[in-house]
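Engineer:
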Amino acid sequence: MNRRQTRLSADTIAVSRGGRTIFEQVSFTLGAGEMLAVTGANGSGKSTLLRAVASLLPLAAGTIRFEDPAREDAPIAESVHYFGHLDGLKPSLSVRDNLALWAKFAGRAGLPAIEALEQVELDHLDDLPAGYLSAGQKRRASLARLLVVQRPIWLLDEPTSALDSRSEAIFGGLLAEHLAEGGLALAATHRPLPVESHATLALGAA
Numbered sequence: 001m002n003r004r005q006t007r008l009s010a011d012t013i014a015v016s017r018g019g020r021t022i023f024e025q026v027s028f029t030l031g032a033g034e035m036l037a038v039t040g041a042n043g044s045g046k047s048t049l050l051r052a053v054a055s056l057l058p059l060a061a062g063t064i065r066f067e068d069p070a071r072e073d074a075p076i077a078e079s080v081h082y083f084g085h086l087d088g089l090k091p092s093l094s095v096r097d098n099l100a101l102w103a104k105f106a107g108r109a110g111l112p113a114i115e116a117l118e119q120v121e122l123d124h125l126d127d128l129p130a131g132y133l134s135a136g137q138k139r140r141a142s143l144a145r146l147l148v149v150q151r152p153i154w155l156l157d158e159p160t161s162a163l164d165s166r167s168e169a170i171f172g173g174l175l176a177e178h179l180a181e182g183g184l185a186l187a188a189t190h191r192p193l194p195v196e197s198h199a200t201l202a203l204g205a206a
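full-length UniProt numbering numbers the first residue of the sequence shown as 1 and each following residue consecutively.
In structure tokens, the structure reads:
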């Protein structure tokens, strides 16, 4: 990913679900190489915010814009990776085939599957059905999905969940490299992140 003048911004956005306002009047701006940490109590809307940025939920108010000179007309959904609570792996497929399927589906090729697995130290398990992986290994395999498809915005929902200290360090390295190359990230978290954020957004704060 080449560094370029990209910018992600939210202007006084609100999201409602089931007739209840989850959050409102939320604004932020991120430039290339920057990360926003999203904090708040359970139910404050951290995951909801990430899903709204990914275009998975409609806005009740406000606007979200992503400016990318290289892809001026592309919808924001084509520029994001959403790394959520579910690992997004088909249990019957091998770890390598899971990554190949994701790359074919999502496009914008990044690393070959085996190289991505080397980055997360799972290349020795590339032929193993994903259903046989431990919770932490599944999380690392899901991290590899961020590498086989190149997208500038990473939306990370509790990204260190189920990761041991070694795996957390691996994730920190991948995230630092993504930012160094001009990527952007939003991370919803209850825990300290392995990479320092450029700003913090506290949802539900008085």
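We put the CB at the ideal spot given by N, CA and C, even for glycine. Predicted model, so just to flag it, every value in this text is computed and none were measured.
Just to check my reading of the structure: Gly110 and Val148 have Cβ atoms closer than 8 angstroms, yes? What is that Cβ distance to the nearest angstrom?
Structural biologist: Along the sequence shown, read from residue 1 onward, the residue named residue 110 stands at position 110. Along the sequence shown, read from residue 1 onward, the residue named residue 148 stands at position 148. Going by Cβ atoms, the distance from Gly110 to Val148 rounds to 5 angstroms, so yes, they are a contact pair.
Engineer: Rounding to the nearest angstrom, what Cα-Cα distance links Ser9 and Ala61 in this structure?
Structural biologist: The residue labelled residue 9 in the question sits at position 9 within the sequence shown. The residue labelled residue 61 in the question sits at position 61 within the sequence shown. Using only the alpha carbons, I get a separation of about 14 angstroms.
Engineer: Sorted by chain position, which residues of the same chain lie with C-beta nearer than 7 angstroms to Leu163's C-beta, five sequence neighbours on each side aside?
Structural biologist: Start at 1 with the first residue of the sequence shown, and residue 163 comes out as number 163. Closer than 7 angstroms at the Cβ level, and outside the excluded window around Leu163, lie Gly136, Arg139 and Phe171.
Engineer: Decide if Pro58 is buried, meaning its Cβ has at least 16 other Cβ atoms within 10 Å, or exposed.
Structural biologist: Here residue 58 corresponds to residue number 58 of the sequence shown, with the count starting at 1. Classification of Pro58: exposed, given that the 10 Å Cβ count is below 16.
Engineer: Could you tell me if Asn2 is buried or exposed, where buried requires 16 or more neighbouring beta carbons within 10 angstroms of its beta carbon?
Structural biologist: Here the question's residue 2 lines up with position 2 in the sequence shown. Unreliable positioning characterises Asn2 in this predicted model, as indicated by a pLDDT of 47, which lies under 50. The coordinate reading is nonetheless provided below. By the 10 Å Cβ count, Asn2 comes out exposed.
Engineer: With distances taken between CB atoms, is the gap from Ala41 to Val95 smaller than 8 angstroms?
Structural biologist: Locating residue 41 in the sequence shown gives position 41, where the first residue counts as 1. Locating residue 95 in the sequence shown gives position 95, where the first residue counts as 1. The answer is no: Cβ separation not under 8 angstroms.
Engineer: Where DSSP assigns a beta bridge to Pro129, which residues make up the other side?
Structural biologist: For the purposes of this step, residue 129 is taken as the residue at position 129 of the sequence shown. Paired residue(s): Ser94.
Engineer: Counting only the same chain and skipping the five closest in sequence on each side, list residues whose C-beta sits under 8 angstroms from that of Ala103.
Structural biologist: As a working mapping, residue 103 is identified with position 103 in the sequence shown. Within the same chain, Ala103 has close Cβ partners Ala109, Gly110, Ala113, Val148 and Val149.
Engineer: Assuming Leu146 and Leu174 make a contact with CB atoms under 8 angstroms, what is their CB distance in whole Å?
Structural biologist: For the purposes of this step, residue 146 is identified with residue 146 of the sequence shown, where counting begins at 1. For the purposes of this step, residue 174 is identified with residue 174 of the sequence shown, where counting begins at 1. Correct: roughly 7 angstroms between the Cβ atoms.
Engineer: Which partner residues does Thr39 have in the DSSP bridge list?
Structural biologist: Your numbering for residue 39 matches position 39 in the sequence shown. The partner list for Thr39 (beta bridge, DSSP) reads Ala202.
Engineer: State buried or exposed for Glu34, treating a residue as buried only when at least 16 other CB atoms are found within 10 Å of its CB.
Structural biologist: Position 34 of the sequence shown holds residue 34. By the 10 Å Cβ count, Glu34 comes out buried.
Engineer: Go ahead and label Val15 buried or exposed: buried means 16 or more other beta carbons lie within 10 angstroms of its beta carbon, across all protein chains shown.
Structural biologist: Here residue 15 is taken as the residue at index 15 of the sequence shown, counted from 1. So Val15 ends up on the buried side.
Engineer: Look up Thr48 in the DSSP assignment and say whether it is helix, strand or coil.
Structural biologist: As a first step, residue 48 is located in the sequence shown; it is residue number 48 there, counting from the start. Of the three classes helix, strand and coil, the one that applies to Thr48 here is helix, per DSSP.
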